[in-house]
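To keep things clear, I will list the structure first and then write my remarks on it.
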Amino acid sequence: MKNYAYVREKSIPPSPPPLIEVGVIGWIRQNLFSSWFNSFLTLFSLYFIFICLIDFIPWAWGGHWNAKSLRECMDLDPNVACFSVLAARWEQLLFGLYPADQYWRPTLTFVFLILSIIPILFPRFFRYFWFSVIYPGLAIWLLWGGSIWSIAIIYIGVIFGVASFTVLSKGVIRSTSVNLTLSIVITLLFFLFLSSTLTEFLSYLIPISLPFVESLRMGGFTLSLIVGISGIVASFPIGILLALGRQSNLPIIKMICVGFIEFIRGVPLITLLFVASVLLNYFLPPGTNFDIVLRVVIMVTLFSAAYMAEVIRGGLAGLPLGQHEASASLGLTYWQSQRLIIMPQALKISIPGIVNTFIGLFKDTTLVSIISLRDPIGLASTIRADTKWNGIYWELYVAIGLMFFIVCFGMSQYSQYLERKLQTDK
Amino acid sequence: MSENNSAEKIDKAKMNITDEVAIRISEMNKWFGTFHVLRDINLEVKRGERIVVCGPSGSGKSTLIRCINRLEEHQKGSIVVDGTELTTDLKNIDKIRSEVGMVFQHFNLFPHLTTLENCTLAPIWVRETPEKEAKEIAMEMLEKVKIPEQANKYPGQLSGGQQQRVAIARSLCMKPRIMLFDEVTSALDPEMIKEVLDTMIQLAEEGMTMICVTHEMGFARQVADRVIFMDEGQIVEQNEPESFFNNPQSERTKLFLSQILGH
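Each protein sequence line maps, in turn, to chains A and B.
Going letter by letter, the first sequence gives residues 1 to 426 in our numbering.
Going letter by letter, the second sequence gives residues 1 to 263 in our numbering.
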């Protein structure tokens, strides 16, 4: 027998790690003071945070809230913040030029917004998804006003179309595509000939309406949310379709998608917004009133859809070919395999990129101030134009920044939560 | 090559080969670009027959079985599966794919679905089986491959051997009449090869029509009714396992067998 020959007779039971490696002390040692250089960095960072806060906290904490003008603030104490401008103008920052007696409408829309995204964000509440479906119509009606039936008619038309599809499918014709085409034609006919009469009739029968508010009065954070949320909701599905189109085997579809993506990505958003605000009027027949907010929403949507398509294409490329083959070999059709196998995984991979695009889109809504819509940034200039507040910068931008930060940070936190939740390999 | 001794005496008498033709491939040719990957393939597979396809890498054996369910498209000749010819008609392709199960080298399970969901997905969406029934079938198949206890785990939490058995169960849930195995043990640790081969042997005993691309010669000896040797896109030799291994005719076959069995 060789002298290194050895047979273990008893296995060593696992034992807890030494105390100094675990708990608070262990964490501090490992993360903050693991070497002399790390210790130095830790102390330096603490000092840096300290000198930042030593000036900011007294400035912000001692700020004036009740002064009538910037002059008055300066007379009281020039070294602290003058938040009085927010106290005086907060309604404008939130609602723009919306009629003051109607402020409850955007407020209610915002509350409903939160309620309507809960079923989408948390599957536990998915049974309330119907509210998310009716929300867009409800929000448009609440914000712009007019008769409720002019919005409801769209839902009625869609329900009508779906119903006709269901009836047709149960009937003689077996082909889904024929039924689909037929029901789309029926729906179009409904909107062309029946809807206006029906709207008038219903408005006469059950008159529910709100005073009309025109688009140019929309402003403040309300406008940012309108443009941002509509853009996010609309650009996501368009982005998915563009990404699929770009990978398509059909050359025409592929060409259209590639052309669209490359064109939109190659043009600054500002240019598109100018096109929306000025040039579009030249191309439309005279007298057509194509809502400015709608035009901006469309441009922002197209812009972020192009980015979204590329982000999702990255996710699609990250999937092994085997996933396509496995789902094909089980007999799933193209759309089934996209919906059940490919997209859930590709979207999961792309979550950071998708949320990045969303956050970027939401902050880009401030660019509408350039085409003289009154988003918070645009309003900041308006407020400064008032002689009482002439010369105020920090306080306004801190407040605006904070509003955007809350929304964007929320999105980022949700995306991290989603990534953790969808992790299936641990 | 791990020899599989545990089921050496499998009951070949139960494994009836009928006269019914399951797959008929005639004069089939395929090119990848200008590369002639399959040349004049003629093959007839009877229902209940078990065929092992072997050959050096790049010989076209995987491409051959991938043509049978149209993961690859052939350019000349014909492939008839269960009486349906593979053409560009998407309906035929979907029909054949749902009748022909396939297991891959790298398992290709759906990582975002649990084991059970992997198994019920195709029956629910393709066969339109009610969910409850699909679950029952899935559990039955998972029991057959001996991992019912892993039903609610995700593929990423299973070992390679377990994943491959789930992949087999997933195919079986579609109640296929033909199973294709594409080097299903090549990516597995030696300890796990046996559990997958045992599952395949069990399937063979139940009379499943199988075409297996594999280098497991022990498996071929025990289970196969016919061994096909391919090289350079052609069928070089086919014979029953006894004669194939003990008395290969072609020089190329002899060389291949000496290299694969010689170590």
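Note that beta-carbon positions come from the ideal geometry of N, C-alpha and C, so glycine has one too.
It should be emphasised that the depicted structure is a prediction, and the values quoted were computed from it without experimental measurement.
Can you check which of these residues, A/34, A/2, A/29 and A/96, is closest to residue 383 of chain A by C-alpha distance? A/96
Residues, ordered as in the chain, of the region 342–373 of chain A that lie near chain B by beta-carbon distance below 8 Å: 344, 345 and 348
So the candidates are A/171, A/94 and A/29; which of them puts its Cα closest to the Cα of residue 219 of chain A? Among A/171, A/94 and A/29, the Cα nearest to that of residue 219 of chain A is on A/94.
In three-state terms, what does DSSP make of residue 308 of chain A? helix
Just to make sure I have the definition right: I need the residues of chain B whose C-beta is within less than 7 Å of the C-beta of residue 340 of chain A. Which are they? 121 and 125
Skipping 5 residues on each side, what residues in its chain have a beta carbon closer than 6 Å to that of residue 153 of chain A? Here the set comprises 195 and 199.
Going by Cα to Cα distance, which pick from B/18, B/34 and B/38 is closest to residue 26 of chain B? B/38
What number of angstroms, rounded off, separates the C-alpha of residue 40 of chain A from the C-alpha of residue 121 of chain B? 56 Å
Extract the residue ranges of the alpha helix (DSSP H) inside the region 205–261 of chain A, only unbroken runs of 4 or more that lie entirely within it. 220–246
Any chain A beta carbon closer than 7 Å to residue 71 of chain B: yes
Proximal residues, the region 86–109 of chain B versus chain A, C-beta separation under 7 Å: 94, 97, 98, 102, 104, 106 and 108
Within the region 148–226 of chain B, ranges of the alpha helix (DSSP H) (whole runs, at least 4 residues): 160–172, 190–205 and 217–223
Can you tell me where the beta strand (DSSP E) holding residue 27 of chain B begins and where it ends? From DSSP, the beta strand (DSSP E) with residue 27 of chain B extends over 21–32.
Applying a beta-carbon distance threshold of less than 9 Å, which residues of chain A neighbour residue 112 of chain B? 341, 344, 345, 348, 422 and 424
Within the continuous beta strand (DSSP E) that includes residue 79 of chain A, where are the two ends? Residue 79 of chain A -> no beta strand (DSSP E), and no H or E assigned at all.
Mind checking whether residue 148 of chain B and residue 134 of chain B have CB atoms under 7 Å apart? no
N- and C-terminal bounds of the alpha helix (DSSP H) containing residue 22 of chain A: For residue 22 of chain A, there is no enclosing alpha helix (DSSP H), as DSSP marks it with neither H nor E.
C-alpha gap between residue 117 of chain A and residue 58 of chain A, whole angstroms: 38 Å
Could you tell me whether the Cβ of residue 65 of chain B comes closer than 7 Å to any Cβ of chain A? no
Answer yes or no: does any C-beta atom of chain B fall closer than 7 Å to that of residue 322 of chain A? yes
So, using beta-carbon positions, are residue 197 of chain B and residue 219 of chain B closer together than 7 Å? yes
Could you tell me which chain B residues have their CB closer than 7 Å to the CB of residue 329 of chain A, listed as they occur along the chain? Listed along the chain, the chain B residues whose CB falls inside 7 Å of the CB of residue 329 of chain A are 69, 71, 97 and 102.
At the 7 Å Cβ level, is residue 48 of chain B part of the contact set with chain A, yes or no? no
Closer than 7 Å between beta carbons: that is the criterion. Which residues of the region 1–32 of chain A meet it against chain B? If you check each beta-carbon in the region 1–32 of chain A against every beta-carbon of chain B, none falls closer than 7 Å.
First through last residue of the alpha helix (DSSP H) which encompasses residue 170 of chain A: 148–170
Between the alpha carbons of residue 21 of chain A and residue 367 of chain A, how many angstroms are there, rounded? Approximately 51 Å, taken between the alpha carbons.
Who are the Cβ neighbours of residue 319 of chain A in its own chain at under 7 Å, not counting the five residues just before and after it? 342, 345 and 346
Relative to the C-alpha of residue 61 of chain A, which residue among A/29, A/53 and A/188 is closest? A/53
Using a Cβ-Cβ cutoff of less than 6 Å, which residues in the same chain neighbour residue 422 of chain A once the five nearest sequence positions on both sides are dropped? 348
Below 8 Å on the Cβ atoms is my guess for residue 83 of chain A versus residue 232 of chain A; work out the distance and round it to an integer in Å. For a cut-off of 8 Å, the C-beta gap from residue 83 of chain A to residue 232 of chain A is around 31 Å, too long to register as a contact.
When you compare each of B/246, B/238 and B/231 to residue 252 of chain B by their alpha carbons, which one comes out closest? B/231
Taking the alpha-carbon of residue 92 of chain B as reference, which of B/68, B/114, B/75 and B/105 has the nearest alpha-carbon? B/68
Quick check: is the beta carbon of residue 156 of chain B nearer than 7 Å to any beta carbon in chain A? yes
For the region 204–222 of chain A and the region 141–160 of chain A, state whether three or more C-beta atom pairs, one from each stretch, are separated by less than 8 Å. yes
Report the partner residues of residue 264 of chain B according to the DSSP bridge assignment. There is simply no residue 264 of chain B to check, as chain B begins at 1 and stops at 263 in what is shown.
Does DSSP put residue 10 of chain A in a helix, a strand or coil? coil
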